[in-house]
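Novice:
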Ligand code: RIB
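Given below as structure tokens:
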């Protein structure tokens, strides 16, 4: 399997406000801090993998505004191949107002802008270069038709596919995603997709089994501070958590997936890649922001977690 990773997905500009509490309707409330960062689930996952030294190709769309050029420049600084990141004339870039409270928990709004213009023909346009990738990584901040098309293309081309069903939508067809190799929701996403409770690891396992029955081979449910749960037809394993004091959990799921992809393409060792992904995501929540909170390979190698 080639060690190149192809991420077909979103990018956003994160507008991060630290809050003491959310304002009520009609109320004006002062917030302690604000910052801007590069985000978007697709770009975050690409950034985490690239920071860890992986060879990453990104297929994405930006707006023809001030954010678009900066987003492409940021990807290039990270060493990501941006030949298939295109500017959409007349569209705004994706933006994400994020509110982070004192516990480090977050609420996120997304305005997808140019991301909605990444259509199935965008996958076809990049197909010749995607053929060099050993793993295709997808999320749900682009049109569902594009996600389905990418899965079908990858399946026909013999490529492995990792789908992170975030943000979750009940419109996602479980039939159309049955060919993905790795399905990685968090507990909330798994609950939305299956209609089942997923508060405990036991409930999450039962919900994951519903997806196994629909044909998905390997399911990893991220459990936040409780680690991650691997569910396949042959095994159920808890990947133990790494205890840290969380400052900002935004993008932790993306850190997990990018780190998993970067490690997995090296030697196909599923358990080792999941352990490293758990460590990497835990470390990311100790710093504010999304991509800027992700460790480089050198920083990660020095980590005592
Ligand atoms: O997963 C975190 C990301 O979700 C943020 O970077 C934000 O842009 C939204 O896409």
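Numbering (this note's numbering), first residue to last: 1373 to 1677. Where a beta carbon is used, it is the ideal one built from N, C-alpha and C, also for glycine. Model, not experiment: these values are computed from the prediction.
Considering only C-alpha positions, which residue in the set 1639, 1673, 1465, 1449 is nearest to residue 1690?
Specialist: Residue 1690 lies beyond the residue range present for the chain, which begins at 1373 and ends at 1677; the question has no answer from this structure.
Novice: How would the residue list near ligand 1 read, in chain order, if you kept each one whose beta-carbon is closer than 7 Å to any heavy atom?
Specialist: This criterion selects 1382, 1384, 1386, 1411, 1412, 1413, 1416, 1468, 1470, 1480, 1482, 1513, 1538, 1622, 1623, 1625, 1626, 1662.
Novice: Can you look up residue 1390 in the DSSP assignment and give me helix, strand or coil?
Specialist: Strand.
Novice: Residue 1656 by DSSP, collapsed to three states: which one?
Specialist: If DSSP states are grouped into helix, strand and coil, residue 1656 belongs with the helices.
Novice: Can you tell me which of the three DSSP states residue 1604 falls into?
Specialist: Residue 1604: coil per DSSP, three-state reduction.
Novice: Run through the DSSP bridge pairs and tell me what residue 1468 is partnered with.
Specialist: Answer is 1386.
Novice: Please report the distance separating the alpha-carbon of residue 1436 from that of residue 1461.
Specialist: Taking the straight line joining both Cα atoms gives about 6 Å.
Novice: Out of 1487, 1488, 1458, 1467, state which residue places its alpha-carbon closest to the alpha-carbon of residue 1480.
Specialist: Closest by alpha carbon: 1467.
Novice: Looking at the strands, I want to know which residues DSSP matches up with residue 1507.
Specialist: DSSP, once it has assigned bridges, lists 1377, 1532 as partnering residue 1507.
Novice: Looking at the secondary structure, which residues open and close the alpha helix (DSSP H) in which residue 1630 lies?
Specialist: Per DSSP, residue 1630 belongs to the alpha helix (DSSP H) from 1624 to 1639.
Novice: Using 8 Å as the threshold, is the C-beta distance between residue 1633 and residue 1426 below it?
Specialist: Contact flag set, yes.
Novice: With a threshold of 16 other CB atoms inside 10 Å of the CB of residue 1512, please say whether the residue is buried or exposed.
Specialist: By the neighbour-count rule (16 or more Cβ atoms within 10 Å), residue 1512 is buried.
Novice: Using only the alpha-carbon positions, how far apart do residue 1553 and residue 1432 sit?
Specialist: Taking the straight line joining both Cα atoms gives about 22 Å.
Novice: If we count the other Cβ atoms within 10 Å of its Cβ and call it buried at 16 or more, is residue 1531 buried or exposed?
Specialist: Looking at its Cβ environment, which holds 16 or more other Cβ atoms inside 10 Å, residue 1531 is buried.
Novice: Please report the residue range of the beta strand (DSSP E) in which residue 1410 lies.
Specialist: Per DSSP, residue 1410 belongs to the beta strand (DSSP E) from 1405 to 1411.
Novice: Spatial neighbours of residue 1459 within its chain, please: CB distance less than 6 Å, with the 5 preceding and 5 following residues excluded, ordered by chain position.
Specialist: Cβ within range, chain order: 1434, 1436, 1440.
Novice: Can the beta-carbon of residue 1428 be found less than 8 Å from the beta-carbon of residue 1379?
Specialist: Yes, Cβ-Cβ distance for residue 1428 and residue 1379 is below 8 Å.
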